[in-house]
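Some notes on the structure that comes next.
2 protein chains.
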Amino acid sequence: MGSDDTPAHGAATRESATRARTRRAILDAAVSVLTADHGASLGDVAEAAGVGRTTVHRYFPERSDLLAAIGTDVRDRVAAAADRARLDDGPAPEAMERLCLEYFELGDRLLLLYDVPQFVAWSGIEEESAADLALLTLVRRGQREGTLDPEVDAGWLQDVMWALLYAAWMQARDQGTPRHTALSLCLRTLRKAVAP
Amino acid sequence: MGSDDTPAHGAATRESATRARTRRAILDAAVSVLTADHGASLGDVAEAAGVGRTTVHRYFPERSDLLAAIGTDVRDRVAAAADRARLDDGPAPEAMERLCLEYFELGDRLLLLYDVPQFVAWSGIEEESAADLALLTLVRRGQREGTLDPEVDAGWLQDVMWALLYAAWMQARDQGTPRHTALSLCLRTLRKAVAP
DNA sequence: CCTTTCTGGAACAGAGGTGTTCCATTGTGG
DNA sequence: CCACAATGGAACACCTCTGTTCCAGAAAGG
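One line per chain: the protein sequences are A and B, in this order.
Read in order, the letters of the first sequence are residues 9 to 204 in the numbering used here.
Read in order, the letters of the second sequence are residues 9 to 204 in the numbering used here.
Pasting the structure below:
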């Protein structure tokens, strides 16, 4: 990331548009391929990205570099999503639903993060990311205000949200439930589950 | 399974006590090793079982045979658990909680079944096992009787139960929450989530 | 248009897992 | 106590994935 393989000339020079596009293609392909099969080979990823295996290695020297890059990518998107949800505004349950909605849109990417726990270890996602902490704070606020169930641990309510999101994704993926239907089932159930 | 490698003498002869014990040891070790790392090698399994790699191959000629055996084992346990829960008795929500409790006890084994989807394909677990169908029937009964939320699809409520179970296992495994605490959180939340 | 960047393919060595065979050793049960 | 069941280890060929190098051709971009 910091040390590029195009060292010479300037210093601020980032990455050519071509390279940026190729990088994204590989990253996106990796997400969908790895979601389907956690043990997929780099050859599979390359093929899915419409790119030579050599090129994948050119961007991500080792397998772990690719995984780390995915982790970083997801972390950024999660942070942005949490930001958009404005967790500090309005009633806690509604803020939680906004977050759920934002996260739902991230789809596959979060599914992958969910069941490939190594990603949490890779690429500086600490145990508690900023987004996780913000959610935890939100839950505590809701419990204080009496809008969220105060009798269970805040961490549990957090997990419940993730679990229902996961269920909704599965419903959409395996049962072919339309995305918006799955999401509204999720939100409805979440609303009831976290109520006092 | 049907065709043993001890063909001679009788016909009803099952398996020596020694062999049965070894088989179980391998199966159990495989579950815990594979739960920790889906891509673990047969060598790892053998080591965990306190058995030579050759011996593993003697019982399960190919990797897929071992996986299939795990699948079958889990399927049987699930069926027995569903049976013990007596899904046809009493109020639907309570029956659902009994099932949840039984499933929770299966621990690792179900976790594995959950995130190694191949198992569903291996070893004759059809899309809808008998236990799944019984649960679906239970949910429909509850909806008819007005004790379960009638406005959502029965399949969704089923998924919600699994999702909360999963969350409870994770809570126990990663946060070190005592098993009974995790279970009661799960049941409390489930009760609210599925209520009309 | 021509130079620089970027790419894909081939070919390679190495690592690690798999499945097999063979044999010496241990143990279990009659 | 003795035969036979059951085991563990070594050695084997084979496969797949990885990571690397090298080079010729395509694609940008000035």
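Every residue gets a Cβ at the ideal spot worked out from N, C-alpha and C, and that includes glycine.
If you're wondering where the values come from, they're calculated on a predicted model, not measured in any experiment.
8 Å Cβ shell around residue i - same chain, five flanking residues per side excluded
i	result
residue 166 of chain B	140, 143, 144, 147
residue 68 of chain A	34, 74, 77
residue 168 of chain B	198, 201, 202
residue 64 of chain A	34, 50, 53, 54, 57, 74
residue 195 of chain B	105, 108, 109
Under 8 Å between C-beta atoms of residue i and residue j
i	j	result
residue 43 of chain A	residue 109 of chain A	no
residue 114 of chain A	residue 78 of chain A	no
residue 190 of chain B	residue 176 of chain B	yes
As assigned by DSSP and simplified to three states, the class of residue i
i	result
residue 58 of chain A	coil
residue 204 of chain A	coil
residue 147 of chain A	helix
residue 98 of chain B	coil
residue 15 of chain B	Because the pLDDT at residue 15 of chain B is just 39, under 50, the model does not fix this residue reliably, and the point stays unresolved.
residue 179 of chain B	helix
residue 188 of chain A	helix
residue 137 of chain A	coil
residue 157 of chain B	coil
residue 23 of chain A	coil
residue 113 of chain A	helix
residue 70 of chain A	coil
residue 47 of chain B	coil
residue 124 of chain B	coil
residue 162 of chain B	helix
residue 93 of chain A	coil
Chain-order list of residues whose beta-carbon lies under 7 Å from that of residue i (same chain, five-residue window excluded)
i	result
residue 150 of chain A	100, 101, 156
residue 39 of chain B	78, 116, 117, 120
residue 59 of chain B	30, 33, 34
residue 92 of chain A	110
residue 61 of chain B	50, 51, 54
Residue from the options whose Cα sits closest to the Cα of residue i
i	options	result
residue 86 of chain A	A:75, A:194, A:111	A:111
residue 161 of chain B	A:183, A:57, A:162, A:94	A:183
residue 186 of chain A	B:164, B:70, B:41, B:47	B:164
residue 89 of chain A	A:179, A:188, A:137, A:31	A:137
residue 28 of chain A	A:181, A:66, A:45	A:66
residue 107 of chain A	A:59, A:173, A:37	A:173
residue 81 of chain A	A:93, A:45, A:152, A:127	A:127
residue 46 of chain B	A:188, A:124, A:192, A:95	A:124
residue 83 of chain B	B:98, B:70, B:23, B:122	B:122
residue 153 of chain B	B:180, B:193, B:181, B:204	B:204
Beta-carbon proximity list for residue i, same chain, < 6 Å, skipping 5 on both sides
i	result
residue 41 of chain A	48, 52, 53, 56
residue 158 of chain A	151
residue 179 of chain B	185, 190
residue 95 of chain B	103, 142, 146
Give the residues from the segment 45 to 57 of chain B that approach chain A closer than 9 Å (Cβ to any Cβ), ordered along the chain. 46, 47
Could you name the residues of the segment 149 to 168 of chain B whose beta carbon sits closer than 9 Å to any beta carbon of chain A, in the order they occur along the chain? 157, 159, 160, 161, 163, 164, 165, 167, 168
Any C-beta of chain A within less than 7 Å: which residues of the segment 97 to 125 of chain B qualify? 123
Which residues, taken in chain order from the segment 174 to 193 of chain B, show a beta carbon closer than 7 Å to some beta carbon of chain A? Hits within the stretch, in order: 174, 175, 178, 179, 183, 193.
Please list the residues of the segment 70 to 101 of chain B that have a C-beta atom closer than 9 Å to any C-beta atom in chain A, keeping them in chain order. none
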